[in-house]
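Trainee: FYI, in my numbering the residues of the sequence shown are 1043 to 1218.
This is the structure I have questions about; it appears just below.
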Amino acid sequence: MIDVVYYVAASLDGYIAAVDGGVDWLNQFGNSNEDHGFSDLYSTVDGIVMGSHTYEFSLAQSQWPAPDKPSWVLTHRDLPVAHPSVTLTADEPSRLVRSLAERGLKSVWLMGGGKVAASFRHTGLISRYIIAVMPIILGTGIPLLAAVPGQDVLTLIEAKPYPSGIVQLHYESKLG
């Protein structure tokens, strides 16, 4: 089975973005030399999967953030293709993961957002969760995972605190 890693930053109260999708609140934590495991994760994944809203946010950046990794965007809309490494797909999560495994991918970064992650969780496709808990309370916003029925029992692999107050939690799914 392919390793699907949901790697994301979240506020202490469980939000990954403001109500409008903005993540400007993360900027205050970007000035440190702390990597929060990003380099390690990025070097081990074969590809990236994201939802259309995360993709549209990436389109607004000055350059495509992952030109060296193939990326799949889950969407039913006709969106511009930002880079030759990007594939738009309307596949359901299970079908997409099967397709990626058939292509030889071993590990993918599930880049969000909360609805996409919830759809992968609901079908038992997320094998690992790596959550950087930011020392901020937003009060409202886009949740880490959208509400879907069912419980998943996770196994804590590591909890790593950083001098900035960020704590990275690394869990494995017992389903994955």
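The beta carbon of each residue, even a glycine, is placed where N, CA and C say it ideally should be.
Model, not experiment: these values are computed from the prediction.
1) Give the C-beta separation of V1091 and L1152 to the nearest angstrom, bearing in mind that I take them to be a contact with Cβ-Cβ under 8 Å.
2) List in chain order: all unbroken beta strand (DSSP E) runs of 3+ residues lying wholly within the segment 1122–1187.
3) Could you tell me if Q1193 is buried or exposed, where buried requires 16 or more neighbouring beta carbons within 10 angstroms of its beta carbon?
4) Closest to W1114 by C-alpha separation, out of D1120, V1128, Q1103, L1121, would be which residue?
5) Excluding the 5 residues preceding and the 5 following S1094 in the sequence, name in chain order all residues of the same chain whose CB lies nearer than 7 Å to its CB.
6) Does the segment 1170–1179 touch the segment 1043–1055, meaning 3 or more C-beta pairs lie closer than 8 Å?
7) Please determine, among G1063, S1100, D1088, A1188, the residue with the shortest C-alpha to C-alpha distance to P1163.
8) Mapping DSSP to helix, strand and coil, what is D1055?
9) As a quick exercise: from T1182, L1142, R1137, T1165, pick the residue whose alpha carbon is nearest that of Y1235.
10) Please return the same chain residues whose Cβ sits closer than 8 Å to the Cβ of F1099, not counting the five positions on each side in sequence.
11) Write down the C-beta distance between A1201 and L1211 rounded to the nearest angstrom, noting that I regard them as a contact closer than 8 Å.
12) Would A1124 pass as a contact of L1142 if the rule is Cβ separation under 7 Å?
13) Any idea which residues DSSP pairs Y1048 with across the strands?
14) Could you tell me the alpha carbon to alpha carbon distance between D1088 and P1135, rounded to whole angstroms?
15) Quick test of your reading: V1209 and P1203, contact by CB under 8 Å. State the CB separation rounded to the nearest angstrom.
16) Exposed or buried, V1150, counting other C-beta atoms within 10 Å across all chains shown (16 or more means buried)?
Mentor: In brief:
1) Counting from 1 along the sequence shown, the entry for residue 1091 is found at position 49. Counting from 1 along the sequence shown, the entry for residue 1152 is found at position 110. Contact flag correct, Cβ pair sits at about 5 Å.
2) Runs found: 1128–1131, 1149–1152, 1170–1176.
3) As a working note, residue 1193 is residue 151 in the sequence shown. Counting C-beta atoms within 10 angstroms of its own C-beta, Q1193 has fewer than 16 neighbours from the protein chains shown and is therefore classed as exposed.
4) Numbered from 1 along the sequence shown, position 72 holds the residue referred to as residue 1114. Nearest option by C-alpha distance: V1128.
5) Residue 1094 sits at position 52 when you count from the first residue of the sequence shown. V1115, L1116, T1117, R1119, L1121, listed in sequence order.
6) Put simply, the segment 1043–1055 touches the segment 1170–1179. At least three CB pairs are less than 8 Å apart.
7) As a first step, residue 1163 must be located in the sequence shown, where it is residue number 121. The sequence given here places Arg at residue 1163; Pro does not occur at that position. Checking every option, the nearest Cα to that of R1163 belongs to A1188.
8) In the sequence shown, counting from the first residue as 1, residue 1055 sits at position 13. Coil.
9) Beyond the ends of the chain as shown, which are 1043 and 1218, falls residue 1235; an answer cannot be given.
10) Working through the sequence shown from its first residue, we reach residue 1099 at position 57. Once the five neighbours on either side are set aside, the close Cβ partners of F1099 are G1063, V1065.
11) For this step, residue 1201 is matched to residue 159 along the sequence shown. For this step, residue 1211 is matched to residue 169 along the sequence shown. About 5 Å separates the beta carbons of A1201 and L1211, which is inside the 8 Å limit, making them a contact pair.
12) Here residue 1124 refers to the residue found at position 82 when the sequence shown is read from its first residue. Here residue 1142 refers to the residue found at position 100 when the sequence shown is read from its first residue. With contacts defined by Cβ atoms closer than 7 Å, A1124 and L1142 do not form a contacting pair.
13) One-based indexing of the sequence shown puts residue 1048 at position 6. Per DSSP, L1152, Y1171.
14) By 1-based counting over the sequence shown, the position of residue 1088 is 46. By 1-based counting over the sequence shown, the position of residue 1135 is 93. Looking at the two C-alpha atoms, the distance is approximately 17 Å.
15) Working through the sequence shown from its first residue, we reach residue 1209 at position 167. Working through the sequence shown from its first residue, we reach residue 1203 at position 161. Contact flag correct, Cβ pair sits at about 5 Å.
16) Position 108 of the sequence shown, counting from 1, holds the residue named residue 1150. Taking all protein chains in view, the Cβ of V1150 is crowded by 16 or more other Cβ atoms within 10 Å, so the residue is classified as buried.
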